[in-house]
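Enquirer: Questions regarding the structure given below will be posed in turn.
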Amino acid sequence: MKSILYLMHIPWQWIKQRPHFIAEYLSEYFQIDVLYKIPLNVHKKNLINKEEYIPNIKPFFQFPFKRFKFLKRFDFLNKLFFRFSISQKKINSYDYIWITSISLYPMISHLITDRTKIIWDCMDDELEFKSFKDNKILLNSFLNIEKELIGRADIIICSSNYLSQKIQSRTSVFREIFVINNAIEIPKINVSLKNTVEIPKLNLIREISNIFMYIGAISEWFDFKILFKMLEENSDINIVLIGPNDIEIPKHNRIIHLGTIKRDYIFDFMRYAKALIMPFKVNELIKSVNPVKIYEYIWMGLPVIAPHYGETEKFSDYIYLYNNPDDFINISKSIEKNQITIKKTKEENRLFAESNQWKNRCQEILKILAL
């Protein structure tokens, strides 16, 4: 069995994302060792206890020396800390090194040989995050790293077509890149909520009507203005947000934030929604996003509202797309008043989701690795 050193830039205990799913499914075909970066600015309340389907999972530290001009010279310490997690000899014993973020490449670039096969799974347009755009020193440093990695990686996978085109245009390096979209993990049947910390949260939303629900991380891209406008226009709608946040959530008596919920129970919560929403600001960061949540929303067989851009256009047969706040408000009103419902049958929604599972994406990856 071939081996993979799987380097993750998000904690294993974070809400389950693309790197978690891919690692778990690939572990059925490869010996996988996961090294994940310990977050320095993530509240414990946003982390969840996660069952470890992969035997060898270890954390490592990476301090943000590059973010500060006067600390940049200490960045060598990160490489030293990384060596405590894994030896150079061990690194060179792997058949593949899988990287989920450009921030991880400097940790291993000096330890690998020309024979080392690097796989870069580019899941986000990282340089469009606010932390980079607000720091020119950091941005320029990572622009150089991105250009080096796109030239060095043996295989590059992107989560969307837009992202693939974007990184090639930005680096002026044009090469073969495989596009593997995001997907869904079909929920387990009859998962019991008995004796879990989620019961009080579930009991709370059972008492609320006309819930427009959002599932996922809440950060700089979240459009609270459009939600407030919708609430002003319709006094019968309530908003429930589920997921971790790294920005302050504005106070409103009809906006309820339940925080992070164990993934096994997310679909139980969604059953109480009138509609499922994705109120994002469509900027350069979001244009590269092939949203996992849309696959999950479609599976639920409920009305779905999302912003209109290239990656959501693919779902237009199944969901309602808006181009501006008025569209969003009008669609939400029509759903609340039962004037419109799901665009396809529940069976058609289920079939769509079943054809877009993570295990299907894993089969695509296996074909790529067989080249």
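At position 118 of the sequence shown the residue is numbered 997 (the working numbering), and the sequence of numbers has no breaks.
Virtual Cβ for every residue (Gly too), placed ideally from N, Cα, C.
(1) Specify the secondary structure class of Asp1205 as computed by DSSP and reduced to three states.
(2) Any contact between the stretch 1222-1229 and the stretch 1202-1210? By contact I mean 3 or more CB pairs, one from each, below 8 Å.
(3) Can you name the start and end residues of the beta strand (DSSP E) that Phe1091 belongs to?
(4) What is the rounded straight-line gap between the Cα of Asn1235 and the Cα of Gln941?
(5) What does DSSP give as the partner residues of Lys937 in its beta bridges?
(6) With Ile1090 and Ala1152 assumed to form a contact (beta carbons below 8 Å), what rounded beta-carbon distance in angstroms separates them?
(7) Figure out for me which residue from Ile987, Asn971 and Tyr885 has the closest Cα to the Cα of Trp977.
(8) Please give the ranges of any beta strand (DSSP E) in the stretch 971-1034, keeping only runs that are unbroken, at least 3 residues long and fully inside the region.
(9) Regarding Arg1240 and the ligand GDP, is the C-beta to nearest heavy atom distance less than 7 Å?
(10) Between Leu1120, Tyr904 and Ile1046, which has its C-alpha nearest Lys1080's C-alpha?
(11) DSSP has Met887 in a bridge; who is on the other side?
(12) Quick one: what does DSSP say Asn1132 is sitting in, helix, strand or coil?
(13) What is the rounded straight-line gap between the Cα of Asn928 and the Cα of Thr992?
(14) Report the residue from Tyr1197, Ile1105 and Gln1242 whose alpha carbon sits nearest the alpha carbon of Lys1222.
(15) Give me the Cα-Cα distance between Lys1246 and Cys1001, rounded to the nearest whole angstrom.
(16) Assign Val1171 to one of three DSSP states: helix, strand, or coil.
(17) Pull up the distance between the alpha-carbon of Leu905 and that of Gln1242, whole angstroms please.
Expert: Inspection of the coordinates gives the following:
(1) Reading the sequence shown from its first residue, position 326 is the one you call residue 1205. In this structure, Asp1205 counts as helix in the three-state DSSP scheme.
(2) no
(3) Stepping through the sequence shown from its first residue, residue 1091 is reached at position 212. Unbroken beta strand (DSSP E) run through Phe1091: Ile1090 to Ile1094.
(4) Here residue 1235 refers to the residue found at position 356 when the sequence shown is read from its first residue. Here residue 941 refers to the residue found at position 62 when the sequence shown is read from its first residue. Their Cα atoms are separated by approximately 34 Å.
(5) Here residue 937 refers to the residue found at position 58 when the sequence shown is read from its first residue. Answer by DSSP bridge pairing, in chain order: Leu914.
(6) Working through the sequence shown from its first residue, we reach residue 1090 at position 211. Working through the sequence shown from its first residue, we reach residue 1152 at position 273. Contact holds; Cβ gap of about 5 Å.
(7) Indexing the sequence shown from 1 puts residue 977 at position 98. Taking only the C-alpha atoms, the option nearest Trp977 is Tyr885.
(8) 975-978 and 997-1001
(9) The ligand GDP is not part of this structure, which contains no ligands at all.
(10) One-based indexing of the sequence shown puts residue 1080 at position 201. Here the closest residue by C-alpha is Leu1120.
(11) Against the sequence shown, residue 887 aligns to sequence position 8. Bridge partners of Met887: Tyr915.
(12) Translated into the one-based positions of the sequence shown, residue 1132 becomes position 253. Asn1132: coil per DSSP, three-state reduction.
(13) Here residue 928 refers to the residue found at position 49 when the sequence shown is read from its first residue. Here residue 992 refers to the residue found at position 113 when the sequence shown is read from its first residue. Here the model assigns Asn928 a pLDDT of 49, short of 50, so the residue's position is not dependable and the matter cannot be decided.
(14) As a working mapping, residue 1222 is identified with position 343 in the sequence shown. The candidate whose alpha carbon is nearest that of Lys1222 is Tyr1197.
(15) For this step, residue 1246 is matched to residue 367 along the sequence shown. For this step, residue 1001 is matched to residue 122 along the sequence shown. Their backbone Cα atoms lie some 18 Å apart in a straight line.
(16) On the sequence shown, position 292 is the one that residue 1171 refers to. Helix, per DSSP.
(17) In the sequence shown, residue 905 corresponds to position 26, counting from 1. In the sequence shown, residue 1242 corresponds to position 363, counting from 1. Their Cα atoms are separated by approximately 9 Å.
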